[in-house]
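Have a look at the structure below before the remarks.
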Amino acid sequence: MTKPEKRRRASPEKTKPSIYWLLASIALPPAGLMMKIRIQDGYKLPISGPFILAPNHFSEIDPIVIGVAVWKMGRAPRFMAKAGLFKVPVIGTLLTKSGQIPVERAGSTRGNDPVQAGGVLVERGQGVVIYPEGSLTRDPDLWPMRGKTGAVRVALAHGIPIIPIAHWGTDKVMARYSRKISFFPPKPIDVKVGDPVDLSAFTDEPLNASTLTAATAVVMKDITTLLEDLRGEKAPAEPWDPSKHNQKDTGRF
Numbered sequence: 058m059t060k061p062e063k064r065r066r067a068s069p070e071k072t073k074p075s076i077y078w079l080l081a082s083i084a085l086p087p088a089g090l091m092m093k094i095r096i097q098d099g100y101k102l103p104i105s106g107p108f109i110l111a112p113n114h115f116s117e118i119d120p121i122v123i124g125v126a127v128w129k130m131g132r133a134p135r136f137m138a139k140a141g142l143f144k145v146p147v148i149g150t151l152l153t154k155s156g157q158i159p160v161e162r163a164g165s166t167r168g169n170d171p172v173q174a175g176g177v178l179v180e181r182g183q184g185v186v187i188y189p190e191g192s193l194t195r196d197p198d199l200w201p202m203r204g205k206t207g208a209v210r211v212a213l214a215h216g217i218p219i220i221p222i223a224h225w226g227t228d229k230v231m232a233r234y235s236r237k238i239s240f241f242p243p244k245p246i247d248v249k250v251g252d253p254v255d256l257s258a259f260t261d262e263p264l265n266a267s268t269l270t271a272a273t274a275v276v277m278k279d280i281t282t283l284l285e286d287l288r289g290e291k292a293p294a295e296p297w298d299p300s301k302h303n304q305k306d307t308g309r310f
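Numbering-wise (this note's numbering), the sequence shown opens with residue 58 and increments by one.
Below, the structure is given as structure tokens:
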């Protein structure tokens, strides 16, 4: 495994005073007690301009891991989050001030859908984290399961690159669906960033279900390949499909 890399420079998102400085001061100390994040190929995350970061997902603490990793790589972490969280006192204010994107369960984003929200990312040159699986993987061995099409729909509609990223070790901090967090000693978590997903075969295609499903499969394959590198194992030939195992796509099971 290669040594973790340090970014040679950071974007203005990190270097200019903002609410992210406050959030970092709150989040980084406890995160340092829980985890030691080791980043591979962090230079592949664009230092400027819009992007969609697409991670694997197997622990409810994953967003903290990815948020810290993105901050360490020089960008401000933004997520598409459940709209209901924005109504929670204090938390809602922090989410709004830090540019997080509210998404209703039905797919609307405060009167706009995620595709329209993607247009704002382009205008502002910002990035966003979107979990293609939409929920914690149902795969019993924690491999990425079948993905949902939201990330590629936003990417193809606006020409935003999707950057795949995989991490491994988060379950040692907080197991899947566990409510117990292991704070100490810090657990090693390896994070690997990939090259932008090649979606050129779909750029001139209509954004119908067939196109979006095929493009999403490409994204999930790239994420899985990164995870194979981190784990030193081969993933199943076919990603886990909850519908074939009488499971729901979202929520606890």
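Just so it is clear, CB atoms sit at the ideal spot from N, CA and C, and this is done for glycine as well.
For Trp297, same chain residues with a beta-carbon under 6 Å away, outside a window of 5 residues either side, are Arg195, Asp196 and Met202 in chain order. One Cα belongs to Phe115, the other to Pro69, and the distance between them is close to 31 Å. Assignment of Arg288 by DSSP, reduced to helix, strand and coil, places it in the helix class.
Between the C-alpha atoms of Pro107 and Gly141 there is a straight-line separation of about 25 Å.
Along the length of the stretch 154-225, whole alpha helix (DSSP H) runs at least 4 residues long occupy 171-181 and 207-215, reported in chain order. Taking the Cβ atoms as the reference, Val230 lies roughly 17 Å from Ile222, outside the contact range of under 8 Å. In this structure, the CA atom of Phe259 is about 42 Å from the CA atom of Pro87. In the three-state reduction of the DSSP assignment, Val248 falls in the strand class, which pools E and B. In this structure, Ile83 keeps its C-beta atom at 8 Å or more from the C-beta atom of Met130. Counting the other CB atoms within 10 Å of its CB gives His224 a total of 16 or more, which places it among the buried residues.
For Lys101, the CB contacts under 7 Å within the same chain, skipping 5 residues up- and downstream, are Ile220, Val250, Gly251 and Asp252 in chain order. Nearest to Ala138 by alpha-carbon distance, out of Gly99, Ile104, Ser192 and Val127, is Ser192. DSSP, reduced to helix, strand and coil, places Phe136 within a strand of the structure shown. For a cut-off of 8 Å, the C-beta gap from Leu213 to Ala272 is around 7 Å, short enough to register as a contact.
Our two residues, Ser300 and Glu190, have alpha carbons roughly 13 Å apart in a direct line. Shortest Cα-Cα distance from Val122 to any of Gly184, Leu151 and Thr227 involves Thr227.
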